[in-house]
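Mapping of the sequence shown onto UniProt numbering: position 111 corresponds to residue 111, and the numbering continues sequentially without gaps. Glycine included, C-beta positions come from ideal geometry on N, C-alpha and C. Since this is a predicted model, take the numbers as computed values, not measurements. Worksheet: the structure to be examined is printed underneath.
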Amino acid sequence: SQDSSQYWSLINYLFDRAPGFLPRIDGRRSLDRPSSIATDGANAAGMSYLRVPLGASDFSASTYTFDDTSGDTSLSNFNINAAPSYLYSTIADIRTVNSGIKIHVCPWSPPGWMKDGGSIAGGKFYTSFTSTYANYLLKALQGFQSKGIPVWGISLQNEPQNSNPTYPSALIDAYWEGQLGTQLRALMNNNGFSSTLIIGYEHNWDDAGAYPVTLMEDAGSAFDGVSFHCYAGNVGDQKTFYNAYPNKNVYFTECSGTIGSDWWSDIKWYLNNMSASRRLSPLNRY
1 SQDSSQYWSL
11 INYLFDRAPG
21 FLPRIDGRRS
31 LDRPSSIATD
41 GANAAGMSYL
51 RVPLGASDFS
61 ASTYTFDDTS
71 GDTSLSNFNI
81 NAAPSYLYST
91 IADIRTVNSG
101 IKIHVCPWSP
111 PGWMKDGGSI
121 AGGKFYTSFT
131 STYANYLLKA
141 LQGFQSKGIP
151 VWGISLQNEP
161 QNSNPTYPSA
171 LIDAYWEGQL
181 GTQLRALMNN
191 NGFSSTLIIG
201 YEHNWDDAGA
211 YPVTLMEDAG
221 SAFDGVSFHC
231 YAGNVGDQKT
241 FYNAYPNKNV
251 YFTECSGTIG
261 SDWWSDIKWY
271 LNNMSASRRL
281 SPLNRY
(Lines of atoms letter the chains of each structure in order from A and count residues from 1; the text may use other names and numbers.)
(Lines give C-alpha, C1' and ligand atoms only; values in the text may rest on other atoms or scores of the structure.)
Protein backbone atom coordinates (compact mmCIF):
# COMPACT_ATOMS: atom_id res chain seq x y z
CA SER A 1 0.00 0.00 0.00
CA GLN A 2 1.08 3.56 -0.58
CA ASP A 3 2.06 5.78 2.34
CA SER A 4 0.04 8.99 1.93
CA SER A 5 1.74 10.88 4.76
CA GLN A 6 3.25 14.25 3.93
CA TYR A 7 6.12 15.28 6.19
CA TRP A 8 7.37 18.55 4.71
CA SER A 9 6.19 21.00 2.13
CA LEU A 10 7.97 21.96 -1.06
CA ILE A 11 9.89 25.21 -0.66
CA ASN A 12 11.94 25.47 -3.84
CA TYR A 13 12.52 24.34 -7.35
CA LEU A 14 16.17 23.80 -8.02
CA PHE A 15 18.75 24.90 -10.56
CA ASP A 16 21.86 22.89 -9.78
CA ARG A 17 25.61 23.10 -10.53
CA ALA A 18 25.39 26.66 -11.75
CA PRO A 19 28.95 27.10 -13.13
CA GLY A 20 28.40 24.26 -15.58
CA PHE A 21 25.45 26.03 -17.18
CA LEU A 22 25.96 29.74 -16.54
CA PRO A 23 28.39 30.28 -19.44
CA ARG A 24 25.56 29.44 -21.81
CA ILE A 25 23.21 31.78 -19.98
CA ASP A 26 25.78 34.57 -19.77
CA GLY A 27 26.44 34.37 -23.49
CA ARG A 28 22.76 34.74 -24.35
CA ARG A 29 21.71 37.72 -22.27
CA SER A 30 20.01 39.29 -25.27
CA LEU A 31 17.48 36.47 -25.08
CA ASP A 32 16.70 37.37 -21.45
CA ARG A 33 17.86 34.02 -20.13
CA PRO A 34 17.89 35.08 -16.46
CA SER A 35 14.20 35.98 -16.74
CA SER A 36 13.40 32.62 -18.29
CA ILE A 37 15.08 30.85 -15.38
CA ALA A 38 13.97 32.84 -12.37
CA THR A 39 10.39 33.90 -13.12
CA ASP A 40 7.09 32.10 -13.36
CA GLY A 41 4.90 31.86 -16.42
CA ALA A 42 4.16 29.73 -19.43
CA ASN A 43 7.60 30.30 -20.95
CA ALA A 44 9.69 30.38 -17.78
CA ALA A 45 11.15 27.81 -15.41
CA GLY A 46 10.20 29.50 -12.15
CA MET A 47 13.43 28.55 -10.38
CA SER A 48 13.62 29.87 -6.83
CA TYR A 49 16.73 28.05 -5.61
CA LEU A 50 20.26 28.09 -7.02
CA ARG A 51 22.91 25.59 -5.88
CA VAL A 52 26.37 26.96 -6.56
CA PRO A 53 29.64 25.02 -6.17
CA LEU A 54 32.41 26.68 -4.16
CA GLY A 55 35.30 26.01 -6.49
CA ALA A 56 35.26 23.57 -9.37
CA SER A 57 32.70 20.78 -9.73
CA ASP A 58 32.48 17.75 -12.01
CA PHE A 59 30.87 19.97 -14.67
CA SER A 60 33.47 22.76 -14.55
CA ALA A 61 35.64 23.61 -17.54
CA SER A 62 38.74 23.87 -15.32
CA THR A 63 39.76 22.89 -11.81
CA TYR A 64 40.34 25.46 -9.09
CA THR A 65 39.62 26.37 -5.49
CA PHE A 66 39.78 29.78 -3.84
CA ASP A 67 43.24 29.10 -2.42
CA ASP A 68 45.50 26.77 -4.36
CA THR A 69 48.70 27.92 -2.66
CA SER A 70 50.05 24.84 -0.90
CA GLY A 71 50.36 25.19 2.87
CA ASP A 72 48.66 28.60 3.03
CA THR A 73 47.09 27.98 6.44
CA SER A 74 46.70 31.73 7.00
CA LEU A 75 44.64 31.85 3.78
CA SER A 76 46.50 35.00 2.79
CA ASN A 77 46.16 34.00 -0.87
CA PHE A 78 42.44 33.30 -0.71
CA ASN A 79 40.86 34.75 -3.85
CA ILE A 80 37.12 34.76 -4.42
CA ASN A 81 37.85 35.87 -8.00
CA ALA A 82 39.42 32.50 -8.81
CA ALA A 83 35.94 31.56 -10.00
CA PRO A 84 35.04 32.32 -13.63
CA SER A 85 33.99 35.95 -14.00
CA TYR A 86 30.59 35.03 -15.41
CA LEU A 87 29.60 33.25 -12.19
CA TYR A 88 28.94 36.34 -10.10
CA SER A 89 27.68 38.54 -12.91
CA THR A 90 25.09 36.00 -14.00
CA ILE A 91 23.91 35.33 -10.45
CA ALA A 92 23.56 39.10 -10.08
CA ASP A 93 21.48 39.20 -13.27
CA ILE A 94 19.24 36.44 -11.95
CA ARG A 95 18.80 38.33 -8.68
CA THR A 96 17.64 41.42 -10.55
CA VAL A 97 14.77 39.28 -11.80
CA ASN A 98 14.13 37.44 -8.52
CA SER A 99 15.86 39.07 -5.56
CA GLY A 100 14.45 36.41 -3.25
CA ILE A 101 16.11 33.45 -4.96
CA LYS A 102 17.83 31.22 -2.41
CA ILE A 103 21.56 30.76 -2.99
CA HIS A 104 22.92 27.49 -1.59
CA VAL A 105 26.69 27.10 -1.88
CA CYS A 106 28.57 23.81 -1.60
CA PRO A 107 32.21 22.79 -2.18
CA TRP A 108 33.01 19.70 -4.24
CA SER A 109 36.45 19.59 -2.60
CA PRO A 110 38.69 21.44 -0.19
CA PRO A 111 41.93 22.75 -1.71
CA GLY A 112 44.14 19.84 -2.70
CA TRP A 113 46.80 20.68 -0.13
CA MET A 114 44.25 19.97 2.60
CA LYS A 115 43.90 16.35 1.43
CA ASP A 116 46.01 13.26 1.02
CA GLY A 117 47.21 13.03 -2.56
CA GLY A 118 47.47 16.80 -2.91
CA SER A 119 44.74 17.06 -5.57
CA ILE A 120 41.16 18.28 -5.54
CA ALA A 121 40.25 15.17 -7.56
CA GLY A 122 39.55 12.46 -5.02
CA GLY A 123 41.32 11.78 -1.76
CA LYS A 124 40.56 12.23 1.92
CA PHE A 125 40.38 15.44 3.91
CA TYR A 126 43.21 15.91 6.41
CA THR A 127 41.37 16.53 9.68
CA SER A 128 44.30 18.60 10.96
CA PHE A 129 43.04 21.34 8.60
CA THR A 130 39.56 21.48 10.14
CA SER A 131 40.00 24.96 11.61
CA THR A 132 41.70 26.23 8.46
CA TYR A 133 38.92 24.88 6.29
CA ALA A 134 36.23 26.39 8.50
CA ASN A 135 37.89 29.78 7.99
CA TYR A 136 38.17 29.09 4.26
CA LEU A 137 34.41 28.51 4.07
CA LEU A 138 33.76 31.66 6.09
CA LYS A 139 35.91 33.60 3.62
CA ALA A 140 33.84 32.13 0.79
CA LEU A 141 30.66 33.45 2.40
CA GLN A 142 32.30 36.84 2.87
CA GLY A 143 33.43 36.76 -0.74
CA PHE A 144 29.91 36.18 -2.01
CA GLN A 145 28.71 38.95 0.29
CA SER A 146 31.32 41.29 -1.22
CA LYS A 147 29.80 40.55 -4.63
CA GLY A 148 26.36 41.55 -3.37
CA ILE A 149 25.16 37.94 -3.25
CA PRO A 150 23.55 36.86 0.03
CA VAL A 151 23.96 33.17 0.78
CA TRP A 152 20.90 31.37 2.14
CA GLY A 153 22.66 28.11 3.00
CA ILE A 154 26.01 26.37 2.87
CA SER A 155 26.90 22.69 2.75
CA LEU A 156 30.32 21.47 3.81
CA GLN A 157 31.07 18.82 1.21
CA ASN A 158 29.29 17.49 -1.83
CA GLU A 159 29.03 13.69 -1.51
CA PRO A 160 31.44 13.23 1.41
CA GLN A 161 31.56 9.45 0.90
CA ASN A 162 32.75 9.76 -2.70
CA SER A 163 36.39 9.88 -3.78
CA ASN A 164 36.67 10.04 -7.55
CA PRO A 165 40.10 10.59 -9.13
CA THR A 166 38.57 12.13 -12.26
CA TYR A 167 36.81 15.17 -10.77
CA PRO A 168 36.68 17.32 -7.61
CA SER A 169 35.58 15.16 -4.68
CA ALA A 170 36.66 14.34 -1.14
CA LEU A 171 36.07 11.94 1.72
CA ILE A 172 35.03 13.46 5.05
CA ASP A 173 33.50 11.18 7.66
CA ALA A 174 30.46 12.12 9.72
CA TYR A 175 32.35 12.95 12.91
CA TRP A 176 34.71 15.37 11.18
CA GLU A 177 31.95 16.95 9.12
CA GLY A 178 30.29 17.57 12.46
CA GLN A 179 33.45 19.13 13.88
CA LEU A 180 33.81 21.30 10.78
CA GLY A 181 30.17 22.36 11.01
CA THR A 182 30.47 23.24 14.69
CA GLN A 183 33.52 25.43 14.07
CA LEU A 184 31.99 27.08 11.02
CA ARG A 185 28.71 27.76 12.87
CA ALA A 186 30.60 29.65 15.57
CA LEU A 187 32.53 31.65 12.97
CA MET A 188 29.36 32.45 11.06
CA ASN A 189 27.51 33.55 14.19
CA ASN A 190 30.38 35.88 15.10
CA ASN A 191 30.74 37.38 11.62
CA GLY A 192 27.24 38.35 10.58
CA PHE A 193 26.03 35.06 9.09
CA SER A 194 23.87 33.79 11.94
CA SER A 195 20.85 33.49 9.64
CA THR A 196 22.72 31.47 7.00
CA LEU A 197 21.91 27.77 7.28
CA ILE A 198 24.42 24.92 7.42
CA ILE A 199 23.15 21.81 5.64
CA GLY A 200 24.86 18.48 6.17
CA TYR A 201 25.48 15.21 4.34
CA GLU A 202 24.71 15.98 0.63
CA HIS A 203 24.81 12.35 -0.45
CA ASN A 204 22.66 9.38 -1.40
CA TRP A 205 19.44 8.02 0.05
CA ASP A 206 20.90 4.61 0.83
CA ASP A 207 22.86 5.80 3.88
CA ALA A 208 20.06 7.90 5.37
CA GLY A 209 20.07 5.96 8.62
CA ALA A 210 23.82 6.15 9.20
CA TYR A 211 25.96 9.16 8.15
CA PRO A 212 23.32 11.90 8.61
CA VAL A 213 22.07 10.37 11.87
CA THR A 214 25.62 10.24 13.24
CA LEU A 215 26.12 13.82 12.08
CA MET A 216 23.10 14.98 14.09
CA GLU A 217 24.16 12.95 17.12
CA ASP A 218 27.60 14.54 17.10
CA ALA A 219 26.83 18.11 16.05
CA GLY A 220 23.11 18.57 15.44
CA SER A 221 22.96 22.07 16.89
CA ALA A 222 25.20 23.35 14.10
CA PHE A 223 23.01 22.05 11.28
CA ASP A 224 19.59 23.07 9.99
CA GLY A 225 19.22 19.61 8.47
CA VAL A 226 20.61 17.38 5.76
CA SER A 227 20.29 16.98 2.01
CA PHE A 228 20.03 13.93 -0.19
CA HIS A 229 21.01 12.82 -3.71
CA CYS A 230 19.33 10.16 -5.81
CA TYR A 231 22.13 7.92 -7.07
CA ALA A 232 21.76 5.03 -4.60
CA GLY A 233 18.83 3.81 -2.55
CA ASN A 234 15.34 5.25 -2.97
CA VAL A 235 13.40 8.22 -1.71
CA GLY A 236 11.65 6.19 0.98
CA ASP A 237 15.00 5.75 2.74
CA GLN A 238 14.74 9.39 3.86
CA LYS A 239 12.08 8.31 6.35
CA THR A 240 14.78 6.63 8.45
CA PHE A 241 16.40 10.00 9.05
CA TYR A 242 13.05 11.72 9.54
CA ASN A 243 12.02 9.23 12.21
CA ALA A 244 15.26 9.86 14.10
CA TYR A 245 15.21 13.66 13.71
CA PRO A 246 11.70 14.87 12.81
CA ASN A 247 12.55 18.48 13.68
CA LYS A 248 15.45 18.72 11.25
CA ASN A 249 14.87 19.83 7.69
CA VAL A 250 15.47 17.51 4.76
CA TYR A 251 16.46 18.82 1.33
CA PHE A 252 16.70 17.06 -2.01
CA THR A 253 19.49 18.85 -3.82
CA GLU A 254 20.83 16.72 -6.65
CA CYS A 255 19.67 14.22 -9.22
CA SER A 256 21.15 14.22 -12.70
CA GLY A 257 19.90 12.01 -15.47
CA THR A 258 21.62 8.65 -15.39
CA ILE A 259 21.59 5.69 -17.77
CA GLY A 260 20.19 2.39 -16.56
CA SER A 261 19.69 -0.96 -18.23
CA ASP A 262 17.22 0.22 -20.87
CA TRP A 263 14.93 3.11 -21.79
CA TRP A 264 11.81 1.71 -20.12
CA SER A 265 13.65 0.92 -16.89
CA ASP A 266 14.90 4.50 -16.81
CA ILE A 267 11.39 5.88 -17.27
CA LYS A 268 10.03 3.69 -14.47
CA TRP A 269 12.84 4.78 -12.18
CA TYR A 270 12.11 8.46 -12.78
CA LEU A 271 8.39 7.94 -12.20
CA ASN A 272 8.99 6.03 -8.98
CA ASN A 273 11.65 8.31 -7.54
CA MET A 274 11.22 11.75 -9.06
CA SER A 275 7.71 12.39 -10.34
CA ALA A 276 5.88 15.15 -8.50
CA SER A 277 2.66 13.21 -8.98
CA ARG A 278 3.88 10.44 -6.68
CA ARG A 279 3.31 10.87 -2.97
CA LEU A 280 6.64 9.22 -2.29
CA SER A 281 8.55 11.64 -4.47
CA PRO A 282 10.94 14.11 -2.82
CA LEU A 283 8.99 16.98 -4.36
CA ASN A 284 5.89 16.06 -2.38
CA ARG A 285 7.11 14.22 0.63
CA TYR A 286 10.26 15.90 1.80
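Query                                                                                                                                                    : Result
Return the Cβ separation of I154 and A92 in integer angstroms, given the expectation that the two are a contact with Cβ distance under 8 Å.              : Contact flag wrong, Cβ pair sits at about 19 Å.
Kindly indicate which three-state DSSP category Q161 falls into: helix, strand or coil?                                                                  : strand
Rounded to a whole number of angstroms, what is the C-alpha to C-alpha distance between L100 and G192?                                                   : Rather than Leu, the amino acid found at residue 100 in this sequence is Gly. Cα to Cα, the separation comes out at about 19 Å.
The alpha helix (DSSP H) with F144 in it runs from where to where?                                                                                       : T130 to S146
K147 to Y88, Cα distance in whole Å?                                                                                                                     : 7 Å
CB-CB under 6 Å to F178, same chain, minus the five flanking residues each way: which ones, in chain order?                                              : Per the sequence shown, the amino acid found at residue 178 is Gly instead of Phe. Here the set comprises L215, D218 and A219.
Determine contact between the region 159 to 166 and the region 180 to 195, defined as no fewer than three beta-carbon pairs at a distance below 8 Å.     : no
How many Å lie between Y270 and C255 at the Cα?                                                                                                          : 10 Å
For Y242 and F223, I'd like the C-alpha separation in whole angstroms.                                                                                   : 14 Å
Check each candidate in N247, P246, L197 and D67 and name the one with the smallest Cα separation from W113.                                             : D67
Where does N158 land, buried or exposed, given buried means 16+ other C-beta within 10 angstroms?                                                        : buried
For M184, report the span of its alpha helix (DSSP H) as first-last.                                                                                     : Note on residue identity: the sequence assigns Leu, not Met, to residue 184. L184 -> alpha helix (DSSP H) spans A174 to N190.
In angstroms with no decimal places, state the Cα-to-Cα distance between S128 and K115.                                                                  : 10 Å
State the CB to CB distance for the pair G225 and N204, rounded to an integer number of angstroms; the pair is presumed to be in contact (CB under 8 Å). : Between N204 and G225 the Cβ distance is about 16 Å, and since that is not below 8 Å, they are no contact.
Look up V250 in the DSSP assignment and give the residues it is bridged to.                                                                              : V226
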